[in-house]
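Chains as they are written, first to last, in my numbering: chain X, 76 to 407; chain L, 3 to 525.
For glycine and all other residues, C-beta sits at the position ideal for the given N, C-alpha and C.
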């Protein structure tokens, strides 16, 4: 077991190094540099002279040999320094952290909602396995979860925000509104978050539903359930105390495994709703060739995915003793 | 880890994030003071926002909306009105010694936002510090200014390296920053303290949120100048400006010509057309492409382009056709009598034949957002036997290709056409005057007569004589066609006059909300 843990960590470190290197190389393969502006959008005039451009390239060390830049970047990243954004004039880490909060907010809320609803629907399906309820749920949820989140987001935006005027068009909060107390503010934040969260949750629902259904079905076949039934326990008690509690394990593991992917999905949804998370920032940073920021965002997302995977690994081993036995036989 | 502790860990994480999200925005809440309209005509104006950086002269992003927010906080020696430069922090100025010296007499009733008095020292410091550490947006460089000297408590003498009549506006436009704050700042770009936005201007920054892209500016009560009309200016981000305008979320917006009908007959709205000072040009590589060195071919290209069709189909009519003399009709020095290339495919074919060409083919490089325009030009060129291959790329890639001269023909769109006509030097005489070919210039083009006229006009301080010289310059450019201005956009803005009606355009710029005087009382 220890051996395996060690080799896993080495694997993660190697993966991280490759990611860091790619993060460095890929943005620099794109033509153009961050301080060259010839064409602009209307009303967005840019004011750098060639002289200033050279000055900035020098200031940020972008005119040094590429290898030197790479070594410098590596030594900084190891110390946790992601550098200074070329466009936003702020340490990359601050910019990312402040937006990450919003992205996490969306992701975590939608994970909770989709897990709870998926689990409930999955249980219903499993309990009524092969009846019409099961079939309809199965069919509808599979269809629903195949719609890409940003497309669903657009539809929600048109119908509920622009059409019915029930929700705000964009943003995460009403700007310069005066709130009487903290609760009104919380409600305002939630009001803005409803549509993006729905968009993210619905896309995720199919997966949790299927997992929940399978998991519940396998638990339902267990001996202790039969015993419970034979003892004449109520349906609610059987489901609540025995089925859900046991069926939840694989679902929780799945939650951690899917967190990484969800951040990716959130980025698309954020762009649709102009939500101030990482998504808009990532798009912008690529358009303006803000190398340190591009590197920072991709690194953060990568670390997030890797951590989620690692946690999933750990938890899996903890909650399911069979994995431990298997891996022992594997390593022999 | 037990199931229960796992679950509580999960709940804890959720709790932390929800509080963080809510907390983040509570910062800055306290700036909401009690409503008090006081002497202001209008309490609050809301404008379309978005993040353009912390509006210090060093931290804002290099985009128009960032620079003009800075201008609300920081004054300059001169300011721009509808017609030209007006005295501002300098109550009087003199250009002496044949244009080498500039004597500014300063106002003595000015205080900084932090209460410190404004002095001649601040002006001297601003120029010296600003040349050592160039502002994000500045028209001056070390090569322009020889010295800045304090004559007495309220007079400053700025000596130029050489006489140049564009310098007055460039010097006059330099932001004046407080010495007592900036003198200890070594890396101004990274100085983001509240003190970095202390200026003498009419407005104080009272809130800024980077993630959301919101700004709040409040009138500075001890402002030396004209009374502010608006107490509070709010910039809030909008996803769809017209929808936000109609919902009352913002009070001024640009509107596409297709939607003008909604507002035209309604007295609640006022529509203004913007001066046409933002333009597209077709640039020509005369260095690497031999065919394009032939003036006949270049003239044929102009005749072959139907500018009206481009304007109708792309801008829905809201643009002014390009002048072959480069300076747009809304420019102060525009020459209306330059050679007029009306769309004339026959003439184009004739010119090509004269030079012995019956068919030609070029690559046309465009940024992705201009592909439609490129397609139209391709069709128009096809009518005179010129074949075009369109190559599009994202803006950054496109710009870098132009910069490296990796093009035959290319389209680029940008602002600044209303500025000092010195930009003609950068574009058409770059190599001769500065020793380095300008990145924006017409590569491979050289006309001795033009170069000498451009130098002369630069040193001509008599406005009428300068006009004559610039007219000649435009005549030559129209004949030589080193590049082809396609059109200058003149979009529309709409606002609610009963809410606020003080909007104005600076003489050289196309945006109402960018003008400082838009927010101040006018005589």
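### Task
Determine which residues of the stretch 393 to 410 of chain L have a Cβ less than 8 Å from any Cβ of chain X, and write them out in chain order.
Taking 8 Å as the Cβ-Cβ cut-off against chain X, the residues of the stretch 393 to 410 of chain L that qualify are 395, 396, 397, 398, 399, 400, 401, 402, 403, 404, 405.
#### Entry: Run of the alpha helix (DSSP H) containing residue 399 of chain L, from where it starts to where it stops
Its alpha helix (DSSP H) spans residues 397 to 405.
### Message
Distance cutoff 8 Å, beta carbons only. Does residue 495 of chain L sit that close to anything in chain X?
### Response
No, its Cβ sits nowhere closer than 8 Å to a Cβ of chain X.
### Task
Let me know the secondary structure DSSP gives residue 441 of chain L once reduced to three states.
Low per-residue confidence applies at residue 441 of chain L: pLDDT is 46, beneath 50, and the placement is therefore not dependable enough to give any value.
### Query
Buried or exposed: where does residue 293 of chain X fall if 16 or more other Cβ atoms within 10 Å of its Cβ makes it buried?
Counting the other Cβ atoms within 10 Å of the Cβ of residue 293 of chain X gives fewer than 16, which makes it exposed.
### Query
Quick one, are the C-beta atoms of residue 84 of chain L and residue 507 of chain L less than 8 Å apart?
At a Cβ-Cβ threshold of 8 Å, residue 84 of chain L and residue 507 of chain L count as neighbours.
### Query
Considering only residues of the same chain and omitting the five flanking positions on each side of residue 151 of chain X, which have a CB-CB separation below 8 Å?
Contacts found: 157, 158.
### Task
Using a Cβ-Cβ cut-off of 8 Å, state whether residue 304 of chain X counts as contacting chain L.
So, not an interface residue.
### Task
Tell me whether the beta-carbon of residue 459 of chain L lies closer than 8 Å to the beta-carbon of residue 472 of chain L.
The Cβ-Cβ distance between residue 459 of chain L and residue 472 of chain L falls below 8 Å.
### Counterpart residues of residue 388 of chain X in DSSP-defined beta bridges
DSSP lists no partner for residue 388 of chain X.
### Query
Any idea what DSSP makes of residue 36 of chain L, helix, strand or coil?
With a pLDDT of 39 at residue 36 of chain L, under the threshold of 50, the modelled position of that residue is not reliable, and the figure given next carries that caveat. When secondary structure is reduced to three states using DSSP, residue 36 of chain L falls in the coil class, being assigned neither helix nor strand.
### Message
Within a Cβ cutoff of 7 Å, which residues of the same chain sit near residue 131 of chain X, ignoring the five residues on either side of it in sequence?
### Response
Correct list, in chain order: 110.
### Query
Nearest to residue 360 of chain L by CA position, among L:367, L:383, L:520, L:374, is which residue?
With distances taken between Cα atoms, residue 360 of chain L lies closest to L:383.
### Query
Nearest chain L C-beta to residue 351 of chain X closer than 8 Å, yes or no?
Residue contact check for residue 351 of chain X against chain L: a CB pair falls below 8 Å.
### Any 3 or more C-beta pairs closer than 8 Å across the stretch 215 to 234 of chain X and the stretch 307 to 323 of chain X
Segments in contact, no.
### Query
Is residue 339 of chain L helix, strand or coil by DSSP?
Coil.
### Query
Are the stretch 74 to 91 of chain L and the stretch 161 to 169 of chain L in contact at 8 Å, needing three or more beta carbon pairs?
The stretch 74 to 91 of chain L is not in contact with the stretch 161 to 169 of chain L.
### Task
Indicate whether at least one CB of chain X lies closer than 8 Å to the CB of residue 151 of chain L.
It does not; no Cβ of chain X falls within 8 Å.
#### Entry: Segment contact, 8 Å Cβ cut-off, at least three pairs: the stretch 127 to 140 of chain L with the stretch 176 to 188 of chain L
Short answer: they touch.
### Query
Cα-Cα, which of L:524, L:496, L:160 is closest to residue 258 of chain L?
Scanning L:524, L:496, L:160 for the CA closest to the CA of residue 258 of chain L turns up L:496.
### Task
Give the single residue among L:158, L:151, L:169 whose Cα lies nearest to the Cα of residue 145 of chain L.
Of L:158, L:151, L:169, the residue nearest in Cα terms is L:169.
### Distance, residue 71 of chain L Cα to residue 143 of chain X Cα
Rounded to whole angstroms, residue 143 of chain X to residue 71 of chain L spans 38 Å at the Cα level.
### Task
Please go through the same chain and pick out, in chain order, the residues whose beta-carbon is closer than 7 Å to the beta-carbon of residue 523 of chain L, but skip the five residues on each side of it.
By the criterion of a C-beta distance shorter than 7 Å, residue 523 of chain L is surrounded in its chain by 228, 229, 231, once the five residues flanking it on both sides are discounted.
#### Entry: Per-residue DSSP class, three states only, for residue 272 of chain L
In the structure shown, residue 272 of chain L sits in a strand (DSSP, three-state: E or B).
### Message
Report the start-end ranges of each beta strand (DSSP E) in the stretch 348 to 397 of chain L that is 3 residues or longer and not cut off at the edges.
### Response
Scanning the stretch 348 to 397 of chain L from its first residue to its last, the whole beta strand (DSSP E) runs of 3-plus residues come out as 362 to 369, 388 to 395.
### Message
If you reduce the DSSP assignment to three classes, tell me which class residue 138 of chain X lands in.
### Response
Residue 138 of chain X falls in the coil class under three-state DSSP.
#### Entry: Cβ-Cβ separation, residue 217 of chain L to residue 237 of chain L (assumed contact under 8 Å), whole Å
Contact annotation, residue 237 of chain L with residue 217 of chain L: C-beta distance approximately 4 Å; criterion of less than 8 Å satisfied.
### Query
What is the DSSP secondary structure of residue 230 of chain L, counted as helix, strand or coil?
In the structure shown, residue 230 of chain L sits in a strand (DSSP, three-state: E or B).
### Query
Count the other CB atoms within 10 Å of the CB of residue 251 of chain L; is the residue buried (16 or more) or exposed (fewer)?
Per the 10 Å Cβ criterion, buried.
### Query
Which residue or residues does DSSP assign as beta-bridge partners of residue 415 of chain L?
The partner list for residue 415 of chain L (beta bridge, DSSP) reads L:282.
### Task
Can you have a look at residue 422 of chain L and say buried or exposed, based on whether 16 or more other CB atoms are within 10 angstroms of its CB?
Counting Cβ neighbours within 10 Å, residue 422 of chain L comes out buried, since at least 16 surround it.
### Query
Can you list the residues of chain C that residue 132 of chain X reaches, using a CB-CB cut of under 8 Å?
Absent from the structure is chain C; the protein chains it does hold are X and L.
### Query
Among X:317, X:185, X:288, which residue has its Cα nearest to the Cα of residue 302 of chain X?
Out of X:317, X:185, X:288, the CA that lies nearest to the CA of residue 302 of chain X is found in X:317.
### Query
the stretch 95 to 113 of chain X: which residues have C-beta closer than 8 Å to a C-beta of chain L, in chain order?
For the stretch 95 to 113 of chain X, which is checked against every Cβ of chain L, the residues closer than 8 Å are 105, 106, 107, 108, 111, 112, 113.
### Task
Output yes or no for whether 8 Å exceeds the beta carbon distance between residue 285 of chain L and residue 374 of chain L.
Contact: no.
### Task
Compute the distance between the beta-carbons of residue 322 of chain X and residue 281 of chain X, then report whether it is under 8 Å.
Contact: no.
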